[in-house]
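These protein sequences, in sequence, are chains X and W. Using the numbering used here, the first residue of the first sequence is number -3, and each one after it goes up by one. Using the numbering used here, the first residue of the second sequence is number 1295, and each one after it goes up by one. Note sheet for the following structure.
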Amino acid sequence: MKFLLLLHNNPAVLNALTDDQRTAIMNGHGTFIKTIQESGELIVTQALADPSNSAVVRVRDGVPAVTDGPYLEAKEFLGGYYLVECADRDRALELAAMIPDAAVDGLGVEVRPVMFSSGMEM
Amino acid sequence: MTARTEDLLRELAPRVLGALARRYGEFDACEDAVQEALIAASQQWPTAGVPDNPRAWLSAVATRRLVDHVRSEVARRRREATAAALAGAPVVPGVASEQVPEADDTLTLLFMCCHPSLTPASQVALTLRALGGLPTAQVAAAFLVPEATMAPRISRAKQRIKQAGATFDLPPKSEWHDRLQVVRHVLYLIFNEGYTASSGTELQRPDLVAEAIRLTRSLHRILPDDGEVAGLLALMLLTDARRPARTGPDGMLVPLAEQDRTRWSADVAEEGLALITRAMATFPPGPYQLQAAIAAVHMEAASAAETDWPQIAALYRILEGLSPNPMVTLNRAVAVAMTDGPLAGLDLLDTLEADERMARHHRLPAVRAHLLEMAGDTAAAREAYRLAAKRTASLPEQRYLTERARRLG
Chain X
-3 MKFLLLLHNN PAVLNALTDD QRTAIMNGHG TFIKTIQESG ELIVTQALAD PSNSAVVRVR
57 DGVPAVTDGP YLEAKEFLGG YYLVECADRD RALELAAMIP DAAVDGLGVE VRPVMFSSGM
117 EM
Chain W
1295 MTARTEDLLR ELAPRVLGAL ARRYGEFDAC EDAVQEALIA ASQQWPTAGV PDNPRAWLSA
1355 VATRRLVDHV RSEVARRRRE ATAAALAGAP VVPGVASEQV PEADDTLTLL FMCCHPSLTP
1415 ASQVALTLRA LGGLPTAQVA AAFLVPEATM APRISRAKQR IKQAGATFDL PPKSEWHDRL
1475 QVVRHVLYLI FNEGYTASSG TELQRPDLVA EAIRLTRSLH RILPDDGEVA GLLALMLLTD
1535 ARRPARTGPD GMLVPLAEQD RTRWSADVAE EGLALITRAM ATFPPGPYQL QAAIAAVHME
1595 AASAAETDWP QIAALYRILE GLSPNPMVTL NRAVAVAMTD GPLAGLDLLD TLEADERMAR
1655 HHRLPAVRAH LLEMAGDTAA AREAYRLAAK RTASLPEQRY LTERARRLG
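And the structure:
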């Protein structure tokens, strides 16, 4: 089963971290990636640029209108994700718990099943 | 590559691997070597033509790859002595295989790939590669993951088998009962993945279905007196016979009750019916035989209305007693609804509500919806269809369930 592990970030929480904490999180991701690569569970992971770089496109009557900024004005934004394939939901929850963000006060990892995949070189 | 060449390679892959592994031990290295030989064949044969003795060709190439591999390994570990011994051994393809029946090799390979120390997903992947001769890329594609995800899964599986101390020998007879259960389950998983395509846009992946049937057929040939292998093969054939009628022209799922039975494959069905009839008369019943028997009852009915539901309900009851499982109870509820009315079926479903294994499963609300619809409770049926549609991870199934909900207004 495929699951998307969504990393929701909160700038206020991230800014309050010490350098050591930040380094520990970075290293934790490195270890996590290595672990699920070796187990054959990692499909892909991406970290997203800051939402201030986002633009939202809306096509109305065939005319695209572009506005700068994220889609939702919110305290949290999508910071990145892991797409994994694992045995079952329990294992997906176990994987999510291995992601360092899950242990940061004020953050959490969302686990969502994937329904349809296409376009990857498979 | 033509389909015939592909079939030939699949047929030869386990034989070449079996002979090589028996000769040299090192299952993981042999498996890699045979994979490389298969890839070389699929690249060269279409242009250069199929060699006169394709098996000897594959054995020779695989052995050469294995020797190269062992040499470099040995160089790395500074153990020249072993290299000399192995490289000095005459490479005569096909000779070793004459001493041991080929059937034993295929069986040993199946036991190896379905080693109990592996997860079901790894057992499936390794079986498809080592016995089906499928390259990693194709195994990956069958399960809709990138090759980069599948490759470590397979090599990890092989490492694990090695660590578990498995050698390329048939396990002692005392272990066969349990080990065969795993082998049958892996073949069933391959079939099921092909038939129900657990996620994605396609409802079925016929390649996996064909491969599962091919492998089960060869296992049945090796073990004709295993009633459950016969039952499994019959179950696959009787299920696959319905495939042409299972999807409509628009790719929509057609439920059994509404299928055009003239589109069922008569010859596939006939083979399955003959198999299960003989198995049920000869062997003590097991879960696969019972499921095949149920499929046979459906197969023999000229229409959904003429189905012998009391017999199906009775078979499910025996199956439930033999291997209690909420999915079996779920299916029995349908049969009970057909014999004793929808309310009796719904009562049976209520017993599953508390079962944690069913808590997130879409089949429970889907069956409930059908029975509620039968009972004439349109509003509740619509809600149950919607809940089922929300839970499923298959797009065609979701379309079907949403459509049913919509039809109820």
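Every residue gets a Cβ at the ideal spot worked out from N, C-alpha and C, and that includes glycine. Quick caveat: nothing in here was measured; it's all calculated off a predicted structure.
Which two residues bound the contiguous beta strand (DSSP E) that contains residue i?
{"i": "W:F1405", "result": "Element bounds for W:F1405: not the beta strand (DSSP E) but the alpha helix (DSSP H), E1396 to C1407."}
{"i": "X:V100", "result": "Element bounds for X:V100: n/a, residue is neither H nor E."}
{"i": "X:L38", "result": "L38 to A43"}
{"i": "X:T63", "result": "V59 to D64"}
{"i": "X:V55", "result": "A51 to R56"}
Would you call residue i buried or exposed, if buried means 16 or more other Cβ atoms sit within 10 Å of its Cβ?
{"i": "W:H1656", "result": "buried"}
{"i": "W:D1463", "result": "exposed"}
{"i": "W:V1364", "result": "buried"}
{"i": "X:M22", "result": "exposed"}
{"i": "X:T27", "result": "exposed"}
{"i": "W:Q1453", "result": "exposed"}
{"i": "W:G1525", "result": "buried"}
{"i": "W:L1703", "result": "The question names Leu, but residue 1703 of chain W is Gly in the sequence shown. Answer is exposed; the Cβ neighbour count stays below 16."}
{"i": "W:A1699", "result": "buried"}
{"i": "W:D1544", "result": "exposed"}
{"i": "W:P1581", "result": "buried"}
{"i": "W:D1399", "result": "buried"}
{"i": "W:S1688", "result": "buried"}
{"i": "W:L1550", "result": "exposed"}
{"i": "W:M1444", "result": "buried"}
{"i": "W:M1530", "result": "buried"}
{"i": "X:S48", "result": "exposed"}
Can you list, in chain order, the residues of its chain whose CB lies under 6 Å from that of residue i, leaving out five sequence neighbours each side?
{"i": "W:L1422", "result": "L1428 and V1433"}
{"i": "W:D1602", "result": "V1591"}
{"i": "X:A12", "result": "none"}
{"i": "W:A1683", "result": "Q1692, L1695 and T1696"}
{"i": "W:V1386", "result": "Note that W:V1386 has pLDDT 47, beneath the 50 cutoff, so the model's placement of it is unreliable and the number below is only indicative. Excluding sequence neighbours, W:V1386 sits near nothing in its chain."}
{"i": "W:A1598", "result": "A1551"}
{"i": "X:T63", "result": "V52"}
{"i": "W:P1345", "result": "W1351"}
With DSSP as the reference, identify every bridge partner of residue i, one or two as the case may be.
{"i": "X:N5", "result": "X:F73"}
{"i": "X:F(-1)", "result": "X:V80 and X:P109"}
{"i": "W:T1541", "result": "W:L1547"}
{"i": "X:G104", "result": "X:H4"}
For residue i and residue j, I'd like the C-alpha separation in whole angstroms.
{"i": "W:G1343", "j": "W:S1336", "result": "10 Å"}
{"i": "X:I39", "j": "X:Y78", "result": "8 Å"}
{"i": "X:V160", "j": "W:L1567", "result": "Here chain X has residues from -3 to 118 only, and residue 160 of chain X is not among them."}
{"i": "W:P1384", "j": "W:A1528", "result": "Low confidence applies here, because W:P1384 scores a pLDDT of 48, under 50, leaving its location unreliable and the question unanswered by this model."}
{"i": "W:T1672", "j": "W:T1461", "result": "60 Å"}
{"i": "W:R1537", "j": "W:E1594", "result": "16 Å"}
{"i": "W:A1653", "j": "X:R85", "result": "12 Å"}
{"i": "W:L1642", "j": "W:T1623", "result": "8 Å"}
{"i": "W:A1631", "j": "W:E1330", "result": "54 Å"}
{"i": "W:D1644", "j": "W:D1634", "result": "16 Å"}
{"i": "W:R1542", "j": "W:I1606", "result": "Per the sequence presented here, residue 1542 of chain W reads as Gly, with Arg not at that position. Those two C-alpha atoms are separated by around 26 Å."}
{"i": "X:V55", "j": "W:L1474", "result": "59 Å"}
{"i": "W:E1253", "j": "W:P1410", "result": "For residue 1253 of chain W there is no data in the structure shown, the boundaries of chain W being 1295 and 1703."}
{"i": "X:L10", "j": "X:L1", "result": "19 Å"}
{"i": "W:A1356", "j": "W:V1562", "result": "36 Å"}
{"i": "X:L44", "j": "W:L1637", "result": "53 Å"}
{"i": "W:L1302", "j": "W:L1352", "result": "11 Å"}
{"i": "W:E1667", "j": "W:R1626", "result": "17 Å"}
{"i": "W:I1333", "j": "X:M(-3)", "result": "29 Å"}
{"i": "X:D15", "j": "W:V1503", "result": "54 Å"}
{"i": "W:A1297", "j": "W:Q1338", "result": "15 Å"}
{"i": "W:P1518", "j": "W:H1471", "result": "15 Å"}
To which residues of the same chain is residue i closer than 8 Å at the C-beta, ignoring the five residues directly before and after it?
{"i": "W:V1477", "result": "L1404, F1405, C1408 and L1513"}
{"i": "W:R1572", "result": "A1524"}
{"i": "W:D1649", "result": "P1620"}
{"i": "W:L1547", "result": "L1497, R1540, T1541, P1690, E1691, R1693 and Y1694"}
Quick check on the DSSP output: the alpha helix (DSSP H) that includes residue i runs from which residue to which?
{"i": "W:A1629", "result": "P1620 to D1634"}
{"i": "W:Y1610", "result": "W1603 to L1616"}
{"i": "W:G1704", "result": "Outside the modelled stretch of chain W, which goes from 1295 to 1703, sits residue 1704 of chain W, for which no answer is possible."}
{"i": "W:D1463", "result": "First-last for W:D1463: undefined, no H or E at that position."}
{"i": "W:Q1248", "result": "Summary: the structure shown does not reach residue 1248 of chain W, with chain W confined to residues 1295 through 1703, and so no result is reported for it."}
{"i": "X:T31", "result": "D15 to E34"}
{"i": "W:F1321", "result": "F1321 to A1342"}
{"i": "W:G1312", "result": "A1297 to Y1318"}
{"i": "W:R1662", "result": "R1657 to A1669"}
{"i": "W:G1580", "result": "Neither: W:G1580 is in no alpha helix (DSSP H) and is coded neither H nor E."}
With a CB to CB cut of under 7 Å and the five nearest residues on each side skipped, what residues in its chain are close to residue i?
{"i": "W:V1628", "result": "G1639 and V1661"}
{"i": "W:L1401", "result": "L1464 and I1516"}
{"i": "W:A1587", "result": "I1570, M1574 and L1609"}
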